[in-house]
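Asker: For reference, the structure I am asking about is given below.
Numbering (the working numbering), first residue to last: 26 to 161.
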């Protein structure tokens, strides 16, 4: 095996756990959110756009944290809200979401925390820990 092939395979194998966690998020619909909240689930909303560099940075941090603590992916429902599709929708207006790259944790009818345009690992971890405590 050539060194280059080995490095490519090693990188792909290392990325697999992150890809598995990234696939755990579901895409937003009003019915999905209402259903999950009605079931008593703790929901982590990620208002994002595919072209947003801040959103991509947040996603990398979220996926890395999920990889280090599987409880995040098991106990919290992660929902991606596509800003290009839902940016002018009722959820954005009702929740007063100021922009894409906003992360919000909900439980029932209560907002437990929010980050707007923040990418610091400590802040995102604190928000995810808040969600994990609410899910327990």
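Yeah, the Cβ is synthetic: ideal placement off N, Cα and C, and Gly gets one too. Please read these numbers as outputs of a predicted model, since none were measured by experiment.
Quick one, which of 157, 60 and 125 has its alpha-carbon nearest residue 77's?
Answerer: The residue you call residue 77 lines up with position 52 of the chain shown. Comparing Cα-Cα distances from residue 77 to each of 157, 60 and 125, the minimum goes to 125.
Asker: Comparing alpha-carbon positions, which option in 73, 114 and 64 lies nearest residue 140?
Answerer: Within the chain shown, residue 140 is the residue found at index 115, counting from 1. The option with the nearest alpha carbon to residue 140 is 73.
Asker: What are the residues that DSSP puts in a beta bridge with residue 135?
Answerer: Along the chain shown, one-based indexing puts residue 135 at 110. Paired residues: 132.
Asker: Determine, using beta-carbon pairs with one atom in the stretch 53–60 and one in the stretch 86–93, whether at least three such pairs fall under 8 Å.
Answerer: No, they do not touch.
Asker: State the beta-bridge partners of residue 107 as determined by DSSP.
Answerer: In the chain shown, the residue the question calls residue 107 occupies position 82. Paired residue(s): 73.
Asker: For residue 50 versus residue 105, is the C-beta spacing smaller than 7 Å?
Answerer: Here residue 50 refers to the residue found at position 25 when the chain shown is read from its first residue. Here residue 105 refers to the residue found at position 80 when the chain shown is read from its first residue. Result yes, Cβ atoms of residue 50 and residue 105 sit closer than 7 Å.
Asker: Just the Cα atoms here: how many angstroms apart are residue 41 and residue 152?
Answerer: Counted from its first residue, the chain shown places residue 41 at position 16. Counted from its first residue, the chain shown places residue 152 at position 127. At residue 41, the pLDDT of 49 sits below 50, so the modelled position is not reliable; the number obtained from the coordinates is stated separately. Between residue 41 and residue 152, the C-alpha separation is close to 25 Å.
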